[in-house]
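Asker:
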Amino acid sequence: MTQTETQAARVVFTRGDVDESVHAVHLVVVGGDGTTFASCGDPELVTFPRSSSKPVQALPLALAAPELPSDELAISCASHSGTPEHLTVVLRLLERSGSTVDDLRCGTHPPFDAAVAAELIRRGEAPTPLHHNCSGKHAGMLLSCALNGWPKEGYTEHGHPLQLRIRELHAELGGVNLEQVEAGTDGCSVPAFALPLSAAARIFVGLARPAGEYVQALERIFAAMTVHPVLVAGPGRLDTTLMPLVPGLVTKMGAEAFYGMGLRHSPHGPLGMAFKIMDGGERARAHVALAVLEALGIPLTPELRALAPATLHNWAGREVGGVRVELPLAFS
Numbered sequence: 001m002t003q004t005e006t007q008a009a010r011v012v013f014t015r016g017d018v019d020e021s022v023h024a025v026h027l028v029v030v031g032g033d034g035t036t037f038a039s040c041g042d043p044e045l046v047t048f049p050r051s052s053s054k055p056v057q058a059l060p061l062a063l064a065a066p067e068l069p070s071d072e073l074a075i076s077c078a079s080h081s082g083t084p085e086h087l088t089v090v091l092r093l094l095e096r097s098g099s100t101v102d103d104l105r106c107g108t109h110p111p112f113d114a115a116v117a118a119e120l121i122r123r124g125e126a127p128t129p130l131h132h133n134c135s136g137k138h139a140g141m142l143l144s145c146a147l148n149g150w151p152k153e154g155y156t157e158h159g160h161p162l163q164l165r166i167r168e169l170h171a172e173l174g175g176v177n178l179e180q181v182e183a184g185t186d187g188c189s190v191p192a193f194a195l196p197l198s199a200a201a202r203i204f205v206g207l208a209r210p211a212g213e214y215v216q217a218l219e220r221i222f223a224a225m226t227v228h229p230v231l232v233a234g235p236g237r238l239d240t241t242l243m244p245l246v247p248g249l250v251t252k253m254g255a256e257a258f259y260g261m262g263l264r265h266s267p268h269g270p271l272g273m274a275f276k277i278m279d280g281g282e283r284a285r286a287h288v289a290l291a292v293l294e295a296l297g298i299p300l301t302p303e304l305r306a307l308a309p310a311t312l313h314n315w316a317g318r319e320v321g322g323v324r325v326e327l328p329l330a331f332s
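Numbered by this note's numbering, the letters in the sequence shown go through residues 1 to 332 in order.
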């Protein structure tokens, strides 16, 4: 272990009295001043927030379009489910930059919403890039280019002015040097930026309690995501269900079991949290999120506990096992 590293958290799935599966978790909580408040595992783990970066990727849009409707700003931060409600907002955002679905470079996958995906199959229709969960982000990027005088062509490339600016913003908001922000390519073809877990947590506390140069734009992003949680994800998904249950909480999931949370109000003041489940086991995400909120003094209502059941049932409804979270938080 490094000097800052402690024992990692674990989410353990049991069957009967036997531990069947274990997910290791690195987690860090920072306070309003950006310093580490609590952690378990390695708070300086360098990892990809993936879609948890979307509020940062939307910041150039928020800065360039201060009058943009909040639902369009929310969809630019979204990993949406491809419902008609989502698609309507994405199309409106595309229209603002004179773009069409053909200009989206995110690729295509079936809608995350099972009912919408089934309806496409029933009608014999193939999904389009509009159904991709990142289409709102890409539509927002196209508008950012149009408003900033950058070419829309090549907007997904690492050397494009928009992507260079987004990398700079990750460093600024994360409180790290630009050299500490490493680049890969995301599933939707835009750059994915890796940075220390503590830097990601600072991004989220800055989203929950904005300050400094970008305060107004970040406040609008926070408001858009918390007022329109159904646009950020979709019915039945964690971001959409969790945010309305905890006042002042903004959350954003990332692929491969990353999660970022910004808490505006807690017994300890504003807090930012980021965690990475090392095996990418996304089924453990809600369990970790609720465990850390409870550890930080947020009471878990029955509605919250229902998001991460402690017992496991089979298809016949029989109880067959359980889930426990081991969260050895070390407070600074």
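Each residue gets a CB set at the ideal place from its N, CA and C atoms; glycine is no exception.
1. Taking its Cβ as the centre, do 16 or more other Cβ atoms sit within 10 Å of Ile121, making it buried, or is it exposed?
2. Taking only three categories from DSSP, how would you classify Phe204?
3. Can you check whether the CB of Ser189 is closer than 8 Å to the CB of Leu142?
4. Between Ala64, Arg318, Thr36, which has its C-alpha nearest Ala146's C-alpha?
5. Following the continuous beta strand (DSSP E) through Gly140, name the residue where it begins and the one where it ends.
6. Spatial neighbours of Arg96 within its chain, please: C-beta separation below 7 Å, excluding the five flanking residues on both sides.
7. Comparing C-alpha positions only, which one of Gly149, Ile166, Lys276 sits nearest to Thr156?
8. Taking 8 Å as the cut-off, does the stretch 163-180 touch the stretch 7-23 (at least 3 CB pairs, one atom from each stretch)?
9. In terms of residues, what are the limits of the beta strand (DSSP E) holding Thr13?
10. Are three or more beta carbon pairs between the stretch 288-297 and the stretch 47-59 nearer than 8 Å?
11. Under three-state DSSP, which class holds Lys252?
12. If the criterion is Cβ atoms closer than 8 Å, does the pair Leu312 and Gly322 meet it?
13. Excluding sequence positions up to five away, which residues of its chain have a Cβ less than 7 Å from the Cβ of Gly281?
14. Check for me: the alpha helix (DSSP H) holding Phe222 runs from which residue to which?
15. Quick check on DSSP: helix, strand or coil for Thr240?
16. Contact between the stretch 212-220 and the stretch 250-264 is defined here as three or more beta-carbon pairs at a separation below 8 Å; is this criterion met?
17. According to DSSP, simplified to helix, strand and coil, what is Ala291?
18. Let me confirm a value: Leu304 is counted as buried when at least 16 other C-beta atoms fall within 10 Å, else exposed. Which label applies?
19. Inspect the CB distances between the stretch 32-52 and the stretch 270-277 and report whether three or more fall short of 8 Å.
20. Short of 6 Å in beta carbon distance, which residues of its chain neighbour Ala78, apart from the five on each side in sequence? Order them along the chain.
Answerer: According to the structure data:
1. For the purposes of this step, residue 121 is taken as residue 121 along the sequence shown, with counting starting at 1. Its Cβ having fewer than 16 others within 10 Å, Ile121 is exposed.
2. As a first step, residue 204 is located in the sequence shown; it is residue number 204 there, counting from the start. If DSSP states are grouped into helix, strand and coil, Phe204 belongs with the helices.
3. Translated into positions along the sequence shown, residue 142 becomes position 142. Translated into positions along the sequence shown, residue 189 becomes position 189. No, they are not a contact pair.
4. Here residue 146 is taken as the residue at index 146 of the sequence shown, counted from 1. It is Ala64 whose Cα lies nearest to the Cα of Ala146.
5. Reading the sequence shown from its first residue, position 140 is the one you call residue 140. Element bounds for Gly140: not the beta strand (DSSP E) but the alpha helix (DSSP H), 135-148.
6. By one-based count along the sequence shown, residue 96 stands at place 96. Same-chain partners within the cutoff: Leu143.
7. Along the sequence shown, one-based indexing puts residue 156 at 156. The option with the nearest alpha carbon to Thr156 is Ile166.
8. no
9. Taking the first residue of the sequence shown as 1, we reach residue 13 at position 13. The question names Thr, but residue 13 in the sequence shown is Phe. 9-15 is the span of the beta strand (DSSP E), which, as asked, contains Phe13.
10. no
11. As a first step, residue 252 must be located in the sequence shown, where it is residue number 252. Residue state, collapsed to three classes: strand.
12. As a first step, residue 312 must be located in the sequence shown, where it is residue number 312. As a first step, residue 322 must be located in the sequence shown, where it is residue number 322. Yes. Within cutoff.
13. The sequence position of residue 281 within the sequence shown is 281, counting from 1. Cβ neighbours of Gly281 beyond the five flanking positions: His23, Ala257.
14. One-based indexing of the sequence shown puts residue 222 at position 222. First-last of the alpha helix (DSSP H) with Phe222: 215-227.
15. The residue you call residue 240 lines up with position 240 of the sequence shown. Residue state, collapsed to three classes: helix.
16. no
17. Sequence index remark: in the sequence shown, residue 291 carries index 291 (1-based). Of the three classes helix, strand and coil, the one that applies to Ala291 here is helix, per DSSP.
18. For this step, residue 304 is matched to residue 304 along the sequence shown. Its Cβ being crowded by 16 or more others within 10 Å, Leu304 is buried.
19. yes
20. Translated into positions along the sequence shown, residue 78 becomes position 78. Closer than 6 Å at the Cβ level, and outside the excluded window around Ala78, lie Gly136, Leu231, Val232.
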